[in-house]
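Residue numbers (mature numbering (1 follows the signal peptide of the UniProt record, and there is no 0)): -34 to -1, 1 to 326. By construction, the Cβ of each residue, glycine as well, lies at the ideal position given by its N, Cα and C atoms. Only a predicted model underlies this, so the values are computations on that prediction, with no experimental measurement involved. All remarks here apply to the structure that follows.
So this is what it looks like as structure tokens:
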């Protein structure tokens, strides 16, 4: 298991310290009771699209349908504005919804989720502060990392962090970044020498000044999750930011594409039961399944996004661990996104980034 001593208090809040948890209980759904409400014909889950939706269907939804005989209908992508409109209008289409870390904070403040029913969703195994969450379940971990083509570096010296990404003399070649401020500001600050545990509050002006340096070398500003890996496969760029799960299969297949974990911006993915849904009880049952360590392990092996339940690591194929952001090897290298900072400042910063991007 990883040594957690290097994790800061703020980082520990996002990581949850599940790897260091002691007596972890099973995440299996609690037994049905006599007060169980009638079963609906279906529930609707709003979540991220792409490979993760396929994996979620195969692992979580299939198990739910087998256990309860209720069809799970998929909806995507994640859309906080639509979720808010549903709740405010009372026209509820979704039963549960995924939200990103900073969106989970906004959603809780706006009252968009039902309280988690702790009699159904056993979160006691999750260390603080995960088990104290009121309305969202921390289901998994993902990173925006640096992916690169190994054959682009003939001397065998590969980039290891964002300072290397910015070093166009040592590592010449076309690059790609996401067309969003989130993550890019942190990458710029780390490239400028800021330590991973000293990023927040972000020095926004300093970050944009550093982004000015790399802007001429960005050949593609990506906007969809599948783009970064495809850009590498097609040899359009030599390195790019991207979600680690998008590089995961390429790494395992030894395709010549690898990941540098230095400064990978790491986050917690969460789910909640939509406020006002008539099927709240069955939404809670789905959250309970998402907290099952065996299912989290199966999901992690399939898409590269590890679970949050401590016992999930007991069931993961050990050969897959080195590709996870929370592995013993990678955990000391990553940085943890401050959901609080982005919840408070994200809108203004993203607007500034959009203007900056257009000023070419």
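The alpha-carbon separation between residue 205 and residue 79 amounts to approximately 39 Å. A contact is defined here as three or more CB-CB pairs under 8 Å, and the segment 75 to 89 meets this definition with respect to the segment 235 to 246.
Along the segment 118 to 191, the alpha helix (DSSP H) occurs as fully enclosed runs of 4 or more residues at 128 to 132, 150 to 157 and 170 to 180, listed in sequence order. In the same chain as residue 217, and ignoring 5 residues on each side of it, the C-beta atoms closer than 7 Å to its own belong to 223, 224, 225 and 289, in chain order. Per DSSP, reduced to three states, the secondary structure at residue 1 is coil, with no helix or strand assignment. The three-state reading of DSSP puts residue 301 in strand, counting E and B together. Secondary structure at residue 229: strand, using DSSP grouped into helix, strand and coil.
Beta bridge pairing from DSSP links residue 38 with 9. Proximity to residue 74 across 163, 50 and 321 peaks at 50, based on C-alpha coordinates. Residue pairing by DSSP places residue 103 opposite 237 in a beta bridge. For residue 203, no beta strand (DSSP E) encloses it, and the DSSP letter there is neither H nor E.
Between the C-alpha atoms of residue 56 and residue 34 there is a straight-line separation of about 26 Å.
Separation of residue 126 and residue 306 (C-alpha to C-alpha, rounded to the nearest whole angstrom) is 28 Å. An exposed status is given to residue 324, since fewer than 16 other beta-carbon atoms sit within 10 Å of its beta-carbon.
Spanning the alpha carbons of residue 6 and residue 202 requires a straight line of approximately 49 Å.
According to the DSSP assignment, residue 55 belongs to the alpha helix (DSSP H) that extends over 46 to 55.
Residue state for residue 108 is assigned as strand, using DSSP reduced to three classes. In the DSSP assignment, residue 115 forms a beta bridge with 223.
Cβ-Cβ distances below 8 Å link residue 245 to 6, 9 and 61 in the same chain, with the five nearest sequence neighbours on each side left out; the list follows chain order. In the three-state reduction of the DSSP assignment, residue 211 falls in the helix class, which pools H, G and I. If you check the CB distance, residue 107 and residue 303 do not come in under 8 Å.
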